[in-house]
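S.K.:
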Ligand code: B12
Ligand code: B12
Ligand SMILES: Cc1ncc(COP(=O)(O)O)c(C=O)c1O
Ligand SMILES: Cc1ncc(COP(=O)(O)O)c(C=O)c1O
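Residue numbers (the numbering used here), protein chains in the order written: chain U, 365 to 640; chain W, 365 to 640; chain Z, 1262 to 1784; chain A, 1262 to 1784.
#1: State the start and end residues of the unbroken alpha helix (DSSP H) segment that holds residue 1722 of chain Z.
#2: Closer than 8 Å, CB to CB, is residue 444 of chain U near chain A or not?
#3: Expressed to the nearest angstrom, what Euclidean distance is found between the alpha-carbon atoms of residue 435 of chain W and residue 439 of chain U?
#4: Which residues in chain A sit within 8 Å of residue 1711 of chain Z, going by Cβ to Cβ distance?
#5: Could you tell me the alpha carbon to alpha carbon distance between residue 469 of chain U and residue 467 of chain W, rounded to whole angstroms?
#6: Beta-carbon separation of residue 1772 of chain Z and residue 1342 of chain Z under 8 Å?
#7: Return the chain-ordered ranges of every alpha helix (DSSP H) run that is complete within the region 1460-1518 of chain A and spans a minimum of 4 residues.
#8: Quick check: does the Cβ of residue 510 of chain U come within less than 7 Å of any heavy atom belonging to ligand 1?
#9: Residues of chain U with a CB under 8 Å from the CB of residue 1467 of chain Z: which are they?
#10: Quick test of the definition: if touching needs 3 or more C-beta pairs under 8 Å, does the region 580-597 of chain U touch the region 518-535 of chain U?
#11: Around the Cβ of residue 1406 of chain Z, are there at least 16 other Cβ atoms within 10 angstroms (buried) or fewer (exposed)?
#12: Enumerate in chain order the residues of its own chain whose CB-to-CB distance from residue 1726 of chain Z is below 8 Å, with the five nearest sequence positions on each side excluded.
#13: Nearest to residue 1675 of chain A by alpha carbon, out of A:1640, A:1669, A:1661 and A:1702?
#14: Quick one: grab the DSSP three-state call for residue 1262 of chain Z.
#15: With 8 Å as the threshold, decide whether the Cβ of residue 413 of chain W is near any Cβ in chain Z.
#16: Pick out the complete alpha helix (DSSP H) segments inside the region 570-637 of chain W, 4 residues or longer, and give them in chain order.
#17: In this structure, what does DSSP give as the bridge partners for residue 1759 of chain A?
#18: Among Z:1475, Z:1517 and Z:1331, which residue has its Cα nearest to the Cα of residue 1394 of chain Z?
#19: Does any residue of chain Z have a CB that is nearer than 8 Å to the CB of residue 405 of chain W?
#20: Of the residues that make up the region 1629-1659 of chain A, which ones have a beta carbon closer than 7 Å to any beta carbon in chain U?
#21: Can you tell which of A:1453, A:1459 and A:1449 has the C-alpha that lies nearest to the C-alpha of residue 1785 of chain A?
#22: So, are the CB atoms of residue 1369 of chain Z and residue 1536 of chain Z less than 8 Å apart?
#23: Once the 5 residues before and after residue 494 of chain W are set aside, which same chain residues still bring their CB inside 6 Å of it?
#24: Check the Cβ of residue 1673 of chain Z against every Cβ in chain A and list those closer than 8 Å, keeping chain order.
#25: Mind checking which residues open and close the beta strand (DSSP E) that includes residue 1239 of chain Z?
#26: Measure from the C-beta of residue 453 of chain U to each C-beta in chain Z and report whether the shortest distance is under 8 Å.
#27: Which same chain residues, not among the five before or five after residue 1534 of chain Z, have their C-beta less than 8 Å away from its C-beta?
#28: Within the 8 Å Cβ cut-off, does residue 628 of chain W reach chain Z?
#29: Can you find a CB in chain A that lies within less than 8 Å of the CB of residue 1527 of chain Z?
#30: Give a single yes or no on whether residue 1676 of chain Z has its beta carbon closer than 7 Å to a heavy atom of ligand 1.
#31: Using a threshold of 8 Å, state whether the C-beta atoms of residue 1282 of chain Z and residue 1729 of chain Z are closer than that.
#32: For a contact defined as C-beta to C-beta under 9 Å, what are the partners of residue 512 of chain U on chain Z?
#33: Helix, strand or coil for residue 1431 of chain A per DSSP?
#34: Any Cβ of chain U within less than 8 Å of the Cβ of residue 371 of chain W?
Set out below in structure tokens:
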């Protein structure tokens, strides 16, 4: 039941835009960069989907489910299961083949533009090239009380076998815990002369994490302008491609490891050349 | 684990056509005939989907999965799980909100254009208005050996608490069983002067059921032209709306009951007025 | 199921140690009051509504009055003497009017020289509130008698969490029709840190719906309707823990809620609320629950989301014993103790299912008369909803095999979203299948004495006793243990956390009519 | 698991009745031959390939030769005497050349006056084929010794069914890497009704891939590679049942398949193949499997797809006993008997899971040394893939609790499509979780003597014995029972069904070198 996937993705602007409509034809073999979903035969395009519609069960509901499936590009679509939930709702399971082609060339993976460093390499880099320890501040903002994520990054214990940032000799880490208000955080960052502020957001209902992150970015811009610390946010439901949109320097998604974060900090905050 | 849904649906021609692309805006409440999928709030448009792409796991694969999700109209889409299968394949679970609106008015439910009759009503109708018993022939054609479905319709035992057609006094039923070739079936229909031929198709891989049904229709047309018996096919993966396309008179889908079939036979074969 | 043979001596010792470890907490609670305890007292006396002029009109009158008293005379004697002194000395016809004066800034509070008249009046006013709570308890008993209890144990407990009471209601009713015996309305993420209770019907919560008296009323009424429809009394649950534990407990009693999440430590550990504040508040709130005939649910399950379920299994046992002794002290009976534990072992751990059975049987054996609250997997749920659905099925099976009392239904989307309507429905189908197909498997389930399960249960109990010894030996007992990060590997100092300035040591002559009436002795 | 105490007397009686009920079948098989038996004999002698001119070149030489012999001299004496008489009398240098003559229509067949030379030559030729089968068996034993067997029981058995051998291969390898111990390649829907075995690598099957010698070879080679990679010998399964049972058995032996679906009745009941044809064919094919050290899988599970799993449970037991006695008669050892049964009770039936346990334990108790084949739910799987995934999890648990030998992995899409790559992967994750988390739960599983499970098992066994009595009392025994629709509520008359004109009563002096060599006695 483990979730193997890692790393940061960016779907290209074009895909993020509106559906380009149906691709004509069916590529029976997935040559080179164009592929289709795989059921049991190359190119069959098979997918599974489930959803609930606010309509009572019956032929009309099934027709509505088929309509939605077709709009999603599933053609032909089979409603293989449906059952009513309470009055007025019907749950569906639909199988079928999607018309869409997946163009791998259009997928712009933000290749990590910095090397993965070991703790000792991180320490060495900071010591040699920054000539002082790096001040890192961590917190969960708003009413989010989920600290396990930020703790996994900061605490000695760490995550996925990697020690957390507190383990790094040259990093001066303070973990403010959960439910820290943005003003408190700005104040603390100023007081401690933080080089980087790490913020975790786990609750995403009604896009709380996006709103809170924008608020964070705004507050720091206002309070400190150019001299603001590096802003890093993370959480399981963030799309790492959204950093710019959100006004922060970097976004980490699910499965992030402390090493990735430390390496990024060095890349972003430690000059290439030793500071004279 | 039971599957409550029944009856026959037809998605209107327009939906069967290509995706009309993204509907603009998001109807926060589903007023009247336009609805959206329901997660936990009216209008949230939430759906779940899963599929496999023929690419090794990693950021690129996740980007590809997002691209497909967007093409399906899921926006924003979250890749909430992924894991590699063997080399070269990755399985994904994606959650998100679909842009599409479902227009219930565009769903044309083929309302059953005939009344549901009880066995005694069926018998009475046949006796009174046809003045002879109705000859029904059943079989599974091709290499399909799934007889449980046709048996459920024909055998005394029946299905879902309803007795099968053999129970109807005025119906003369012969069940030829499975793996009957189309020529054999045509020959038997001629020999027995069948009024209706009922055919079951359960195996659908590579659309075998559609191909076999077309072959069936073609053979009867050729052999008997206008005088061919009523052609009725059924099976769990048939879309009841496809009768015309397939060249048969009627298609029954999953969950069909014997009573529905008997009632249809009366409607289609027994004159409104008693034959003089 | 044939339970385990626990070492009776070890069990006796464990309880004795727990009582010693909790003593400093009881002592603290008996000698202090809090703003929330005092506000709760005014609520019992019938003061409702908010000050329309202040802020956006969200500040309740009870807050305004208590703050005013605190400013003018302090809270060392509680609010009751100054408030009812003002009323008996005729400055205002009634509480509402007095509150208006507070709003207008004209109210003046003082301690009476002769406390008797104020005491009497206060006792009468608060008594009316308690009478309503008693009536609700009786009403519940009637309804259970009419509609009946769930047909079997465990009771099926389901959560709704849309943030909008008007979405919650149909979802709760659908869940009840689909088989839920208990509905819990989760609160908006921030509420437990609010130092006041919001008012009215609300539609804007995050990942949960605000706990307000009106929301309580609306949901209870909706569930009374389905109860009648289904011929089965459907219970309603909400959350007490937080800065307003005592007040929410009162509102729950006034609106006939049936269960409340109420843990002596949750707010401290998971909400960083000041320990003293929580200890004082939890005692008052539990006395109200005891009176209201409400079943409490404790929160040990939460520890296993931050700590490892195998390594820290014994901390759950220790916490259950502490919650038990504190609950008894507050007057709760065993049948009211929904002690928490959870199916949170990493499914990749070999024998994980049998380890869960061992832990669940241990709790069952230690608390034979408590309706244990059995929590589903959450930490190790992932976006693989298929694997999650399977894991929830095995959680349900463990519940049936080990005779749990309240089964909190797990959701396949645990790692993804707050539950969808369909998640809840699928989850109930899961429970129904497991209970109907294998619900009686416990008849064939016989962990061998000295076998894997028996040995594991015994070693967890032994670890628990050793930990309790260390805690009891410290003169600050539990308070120190929390500072040391014993539970959920979270450290909380007695002087830290939110709401600490709302705690007051009570002076000689302090008076709280609610405590008096509930304890039957004068405090 | 602590098994059940079965009534030893009842068990003895059941076996004795089964042997009596099967006697008429054995008798029939010993006194008849079939076109497929004769073709299989020629295949053992090394005749391969197809006639390029006939049809699209799909007709194998073995069919051409057997048909020619039948035309010219009939098959009452088998093909071997006429064929090797032709060879020994020098009309053709070898079998292949003789086949060419048949193709050209120039071959002339006759029965020799002195059969000895022909017999000798035939014996030598067929002996070479059997030698290759023996070598394969030895090779398998070596490979198992090198790579090792699966680490535990049950063995995990997985199906591939794309229709295209080149899609099957990567899927089979992926499945093996993901934990499958046994790979079964399902056949194209129509194959079992073909009265010949297709040739070459094929890519065009429906809902399955054609069973051909070349497909066997390709897949076995691919699995040998993964076996080496994984350090675990991965077994390969295919299907014998059908009109070509004997030939496919021979090809399986020649290409070192490890298991074969081979049921004495499946073809009759579910493919409407003539009973006599099947009974003769199954005996020959099973003798070949016995020689090849192949484990057979019987098909009782199929009955429960047409008949109710509770009402007809005893027919499964009866069929298992009949398959056992017929298998023993053909020379198969207990370790080669993968007797079939299945988890097919409607999940809506109360106690369904415990009923399954009772049935599974009965089979386990009756056949302690057989590697029972445990089939997953299919009939009651629906499009609700979540519910299906859960049900498969409980099926896996039942397999572990009752010590099944071969666990056929269930697919959540059973009611939807032939398995997808991802279905298979998710299914294996399901199995891995259940076996790792609860695989040893059988230690704590102790159905009470006289309890629900024990009583159910006993009543099924009693019903089985009563049914066997009725069957054994009829002089046609099993043959009559099938005509009466005893199994899978499907009636099949001895004179009906496909391939009946391929059956021949053997005359005095009939000769089949394969039977002679395999039985060690002259037939
Ligand atoms: C543990 C947990 C809790 C614990 C939290 C204890 C604690 N001190 O953290 C408790 C029991 C207290 C809790 C309470 C609640 N929870 Co909670 N909880 C979870 C749970 C089970 C696991 C989360 C977790 O610990 N994951 C493990 C960590 C290691 O993973 P992670 O957070 O993703 O972090 C990794 C990456 O995201 C990244 N990362 C994360 N943050 C950061 C920050 C930086 C700077 C960087 C670089 C990287 C990074 O790195 C980490 C390591 O890889 C999830 C369900 C689930 N299985 O995900 C629900 C879940 C998160 N909770 C949820 C909810 C709603 C709540 C409540 C609000 C419910 C309620 N109303 O009562 C309450 C209140 C809490 C609050 N106000 O926030 C929802 C959120 C729904 C949503 N998407 O909006 C979830 C998803 C459950 C659900 N389906 O409802 N919860
Ligand atoms: C039972 C069964 C078998 C039995 C069949 C026994 C028999 N005599 O029928 C056995 C074990 C023999 C079998 C074998 C195979 N099966 Co099968 N089998 C099933 C199973 C489990 C149940 C089907 C069933 O009985 N449903 C119950 C009946 C009542 O429902 P129904 O058929 O839908 O019929 C209803 C309606 O559709 C309608 N209806 C159906 N026909 C008609 C006809 C008319 C005229 C009308 C009006 C209505 C009507 O009315 C019925 C009542 O409501 C399904 C999986 C599943 N759970 O669906 C697989 C399944 C159908 N089998 C499958 C396959 C591939 C096979 C094999 C080919 C596998 C193999 N290669 O070995 C073999 C070979 C059989 C063959 N050549 O066809 C696949 C088909 C995949 C696909 N969609 O193409 C399925 C879906 C399993 C799977 N996922 O792989 N199978
Ligand atoms: C005992 C207890 N109280 C309260 C809560 C919820 O608290 P909050 O509303 O602060 O999220 C929980 C959540 O799991 C709990 O276990
Ligand atoms: C014993 C046995 N033989 C053969 C088969 C498959 O036969 P066919 O290839 O005719 O579908 C099965 C299928 O379940 C079986 O159980």
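Just so you know, even glycine gets a beta-carbon here, dropped at the ideal spot from N, CA and C.
M.R.: Taking the definition as stated:
#1: The residue labelled residue 1722 of chain Z in the question sits at position 461 within the third chain. 1713-1734 is the span of the alpha helix (DSSP H), which, as asked, contains residue 1722 of chain Z.
#2: As a position in the first chain, residue 444 of chain U is number 80, starting the count at 1. Yes, residue 444 of chain U lies at the interface with chain A (some Cβ there is under 8 Å from its Cβ).
#3: Reading the second chain from its first residue, position 71 is the one you call residue 435 of chain W. Reading the first chain from its first residue, position 75 is the one you call residue 439 of chain U. Roughly 14 Å between the two C-alpha positions.
#4: Working through the third chain from its first residue, we reach residue 1711 of chain Z at position 450. Within 8 Å Cβ-Cβ: nothing; residue 1711 of chain Z doesn't reach chain A, min ~11 Å.
#5: Counted from its first residue, the first chain places residue 469 of chain U at position 105. Counted from its first residue, the second chain places residue 467 of chain W at position 103. Their backbone Cα atoms lie some 35 Å apart in a straight line.
#6: Against the third chain, residue 1772 of chain Z aligns to sequence position 511. Against the third chain, residue 1342 of chain Z aligns to sequence position 81. Their beta carbons are under 8 Å apart, which means residue 1772 of chain Z touches residue 1342 of chain Z by this criterion.
#7: 1474-1491 and 1506-1515
#8: Here residue 510 of chain U is taken as the residue at index 146 of the first chain, counted from 1. Yes - ligand 1 has a heavy atom lying nearer than 7 Å to the Cβ of residue 510 of chain U.
#9: Sequence index remark: in the third chain, residue 1467 of chain Z carries index 206 (1-based). The contacting residues are 507, 567, 569, 570 and 572.
#10: no
#11: As a position in the third chain, residue 1406 of chain Z is number 145, starting the count at 1. Classification of residue 1406 of chain Z: exposed, given that the 10 Å Cβ count is below 16.
#12: As a working note, residue 1726 of chain Z is residue 465 in the third chain. Same-chain partners within the cutoff: 1271, 1274, 1275 and 1278.
#13: The residue labelled residue 1675 of chain A in the question sits at position 414 within the fourth chain. The shortest Cα separation from residue 1675 of chain A among A:1640, A:1669, A:1661 and A:1702 belongs to A:1640.
#14: As a position in the third chain, residue 1262 of chain Z is number 1, starting the count at 1. Note on residue 1262 of chain Z: pLDDT 47, under 50, position unreliable in the model; no value is reported.
#15: To locate residue 413 of chain W, count along the second chain from 1; it is residue 49. Chain Z, which has no Cβ nearer than 8 Å to the Cβ of residue 413 of chain W, makes this no.
#16: 572-588, 607-610 and 622-633
#17: On the fourth chain, position 498 is the one that residue 1759 of chain A refers to. The partner list for residue 1759 of chain A (beta bridge, DSSP) reads A:1534.
#18: Here residue 1394 of chain Z refers to the residue found at position 133 when the third chain is read from its first residue. Looking at the Cα atoms, Z:1517 is the closest of the given residues.
#19: The residue labelled residue 405 of chain W in the question sits at position 41 within the second chain. It does: the Cβ of residue 405 of chain W has a partner Cβ on chain Z nearer than 8 Å.
#20: 1643, 1644, 1645 and 1646
#21: Look at the range of chain A in this structure, 1262 to 1784, and you will see that residue 1785 of chain A is not part of it.
#22: If you number the third chain from 1, residue 1369 of chain Z lands on position 108. If you number the third chain from 1, residue 1536 of chain Z lands on position 275. No, they are not a contact pair.
#23: By 1-based counting over the second chain, the position of residue 494 of chain W is 130. Here the set comprises 634.
#24: The residue you call residue 1673 of chain Z lines up with position 412 of the third chain. Within 8 Å Cβ-Cβ: 1647.
#25: Outside the displayed range of chain Z (1262 to 1784) lies residue 1239 of chain Z, so it cannot be described from this structure.
#26: On the first chain, position 89 is the one that residue 453 of chain U refers to. Yes, because at least one Cβ of chain Z sits closer than 8 Å to the Cβ of residue 453 of chain U.
#27: As a working note, residue 1534 of chain Z is residue 273 in the third chain. Excluding positions up to five away in sequence, the list reads 1453, 1454, 1503, 1504, 1528, 1758, 1759 and 1760.
#28: Taking the first residue of the second chain as 1, we reach residue 628 of chain W at position 264. Not an interface residue.
#29: Within the third chain, numbered from 1, the residue matching residue 1527 of chain Z stands at position 266. No, because no Cβ of chain A sits closer than 8 Å to the Cβ of residue 1527 of chain Z.
#30: In the third chain, the residue the question calls residue 1676 of chain Z occupies position 415. Result yes, Cβ under 7 Å from ligand 1.
#31: Working through the third chain from its first residue, we reach residue 1282 of chain Z at position 21. Working through the third chain from its first residue, we reach residue 1729 of chain Z at position 468. Their beta carbons are under 8 Å apart, which means residue 1282 of chain Z touches residue 1729 of chain Z by this criterion.
#32: Position 148 of the first chain, counted from the start, is the residue given in the question as residue 512 of chain U. 1566, 1567 and 1640, listed in chain order.
#33: By one-based count along the fourth chain, residue 1431 of chain A stands at place 170. Helix at residue 1431 of chain A.
#34: Taking the second chain and counting its residues from 1, one reaches residue 371 of chain W at position 7. Because the pLDDT at residue 371 of chain W is just 34, under 50, the model does not fix this residue reliably, and the value given afterwards should be weighed accordingly. Closer than 8 Å to some Cβ of chain U, the Cβ of residue 371 of chain W qualifies, so yes.
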